[in-house]
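Below is one structure, written out as structure tokens, with a few remarks after it.
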Amino acid sequence: MRLVQLIYCSRVAASVHGTAITSIVDVSRVNNARDGVTGALCFNANFFLQCLEGERGAVNDTYHRILRDPRHERAMLLRYEEVARRQFSDWSMAYLSSQALAPDLLLQFGRNDRFDPEQLGADGALEFLLALKAKSIRLREAA
Ligand code: FAD
Numbered sequence: 004m005r006l007v008q009l010i011y012c013s014r015v016a017a018s019v020h021g022t023a024i025t026s027i028v029d030v031s032r033v034n035n036a037r038d039g040v041t042g043a044l045c046f047n048a049n050f051f052l053q054c055l056e057g058e059r060g061a062v063n064d065t066y067h068r069i070l071r072d073p074r075h076e077r078a079m080l081l082r083y084e085e086v087a088r089r090q091f092s093d094w095s096m097a098y099l100s101s102q103a104l105a106p107d108l109l110l111q112f113g114r115n116d117r118f119d120p121e122q123l124g125a126d127g128a129l130e131f132l133l134a135l136k137a138k139s140i141r142l143r144e145a146a
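Residue numbers (our numbering): 4 to 146.
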């Protein structure tokens with residue numbers, strides 16, 4: 004089995020409101036548990052940043068399904084790697100809202116205190132999500 008990790012960011016579509024996020028997270032947890040996909044989804048009013056990890060085919064199928072979703076746009080692939088182990092193995096889909104995005108983290112990884120994942124490189128995107136994980140700023144955790 005080839006284990007891969009994929010990280011992308013995208014822009015929240017103008018029509019999307021708060022309840023859409025809940026429904027995205029709920030569906031993701033069910034599908035990802037079924038497909039053996041783990042990861043984290045981080046967002047604010049403007050951007051999503053998501054890590055998907057799992058068997059290559061499962062991650063690929065999930066990513067292509069996500070790309071077709073009209074609730075976001077301008078998806079940008081930031082990182083795609085074969086990995087030896089998962090880094091978000093406990094989470095079918097952790098959910099990190101903008102409230103969890105501490106200013107010190109944003110300053111450490113970005114150019115200013117605004118969450119703008121399009122500025123992150125491949126390593127920066129992973130390190131940013133791992134830093135969030137390390138701080139345990141999870142508003143809701145996967146079952
Ligand atoms: P169906 O539920 O059959 O829907 C058909 C189409 O309508 C799809 O293109 C779907 O994207 C779209 N759609 C579904 N619900 C809505 C809605 N409320 N408003 C507008 N369009 C809608 N899914 C996962 O399985 N795992 C993930 O990790 C994951 N992460 C996501 C991250 C983001 C940022 C977004 C925007 C979506 C994510 N999704 C994820 C949801 C994914 O895009 C699909 O909606 C979901 O997987 C169901 O796919 P489906 O083909 O069964 O679509």
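Heads up, the beta-carbon is just placed ideally off N, CA and C, and yes, glycines get one too.
Distances from the alpha-carbon of R5 to those of L135, V86, D126 and E130 put V86 closest.
A contact between stretches requires three or more CB pairs, one per stretch, nearer than 8 Å, and the stretch 61 to 79 meets this requirement with the stretch 9 to 26. Bridge pairing for L123: absent [DSSP]. In the structure shown, the three-state DSSP call for R77 is strand.
Note on geometry: alpha-carbon atoms of D29 and R117 lie some 27 Å from one another. The beta-carbon separation of S95 and A36, rounded to 5 Å, stays under the 8 Å limit for a contact. When DSSP states are grouped into helix, strand and coil, R88 belongs to the coil group. Every unbroken stretch of the beta strand (DSSP E) spanning 3 or more residues and falling wholly within the stretch 34 to 69 is given here in chain order: 41 to 46 and 50 to 58. Between S18 and P73, the alpha-carbon positions lie close to 9 Å from each other. L70 places its beta carbon 7 Å or farther from that of P120. DSSP, read as helix, strand or coil, puts V28 in helix. N35 has its CB nearer than 6 Å to a heavy atom of ligand 1. For F50, the closest alpha carbon among the candidates A134, L129 and Q122 is that of Q122. Within the same chain, Cβ atoms closer than 8 Å to the Cβ of L129 are found at Q8, I10, C54, R82 and Q90, the five residues on either side in sequence being excluded. If you draw a 10 Å sphere on the C-beta of H75, you find 16 or more other C-beta atoms in it, and that means buried.
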